[in-house]
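First the structure, in the form of C-alpha cells, and then the observations on it.
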Amino acid sequence: MTLEMTGKTMSFPASHTGRTLRRTLASGMTAAILVLGTTGLATPASAATADCPSGYSCFWGDTGYRTDSVENRLVRFYQCYRDLETATWSGTSSAANDRASSVSNKGQHDPAYYYVDARYRGLFFPLPYGSGDGNLGDSSGNAPASFNDKISSARFASFDTDCE
Ligand SMILES: [Ca+2]
Ligand SMILES: [Ca+2]
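Residue numbers -47 to -1, 1 to 117, in mature numbering (1 follows the signal peptide of the UniProt record, and there is no 0), belong to the letters of the sequence shown in order.
Right under this line is the structure:
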C-alpha cells in the first residue's frame, strides 16, 4: 500500500518539486494512518465465529476464535459438555481439556456456563447469549481473565448439573 502511494506522488511534474515534496509527506502520513487503521480492525468477531453453528456454544484453543490458526478447529455443544477429559478439537486428535482461550455463545436464548472443573464444578463464568470472548487471558470482553487454559466442562443455563 505504501509503495503504491509513493509511486503515485512520484508521477507529479518535476517543475512542482516543492509541492511534490509536501504531497509526498502528506501521502506518507495518510498511508501510515491507513496501515494503523487496518491493523486496529483485526478480524471481526462475527466473521471469526462463523464456524460455530447457530444454537451452539463453541470454544477454541487459542485467542481470536481459532485453534492452531484454524477457525473450524473447535469444540461445540448444544446442551452441555460434562467432561472435556477426552475431548479433542474437531478434525484433530489434539486434546481440548484445559486449553480453551476463546469462547462464543450462539445458543438459543440463555447464557452458557463455563467451568474450570469437570461435571460443572469449580469456578465458572456465564457467557451471555449472542456474545463471545476472544481472549480468556485478559479482562476485556465477556469473561474474567482468570479462566484461560482451565475450562473442563460447560453447559447452557437451562440444563442443570445432571446434564450429560
Ligand atoms: Ca489455550
Ligand atoms: Ca480444568
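C-beta: ideal position from N, C-alpha, C; glycine also. Fair warning: this is a prediction, and the values are worked out from it, not measured in the lab.
With the rule of 3 Cβ pairs closer than 8 angstroms, the region 29 to 46 does not count as touching the region 84 to 103. Sequence-distant partners of A1 (beyond 5 residues in either direction) whose C-beta falls short of 8 angstroms from its own C-beta, in its chain, are G17, Y18, R19, E24, G87. With fewer than 16 other Cβ atoms from the protein chains shown falling within 10 Å of its own Cβ, Y31 counts as exposed. Short note on D91: C-beta not closer than 7 angstroms to any heavy atom of ligand 1. DSSP, read as helix, strand or coil, puts A107 in strand.
Taking the Cβ of S54 as the reference point, at least one heavy atom of ligand 1 falls within a distance shorter than 7 angstroms. Taking the C-beta atoms as reference points, S57 is found no nearer than 8 angstroms to G14.
In this structure, S105 has its beta carbon less than 7 angstroms from a heavy atom of ligand 2.
In this structure, D86 has its CB at a distance of at least 7 angstroms from all heavy atoms of ligand 1. Judged by DSSP in its simplified three-state form, L76 adopts strand.
Here C33 is actually not in contact with F100; their C-beta atoms are around 17 angstroms apart, not less than 8 angstroms.
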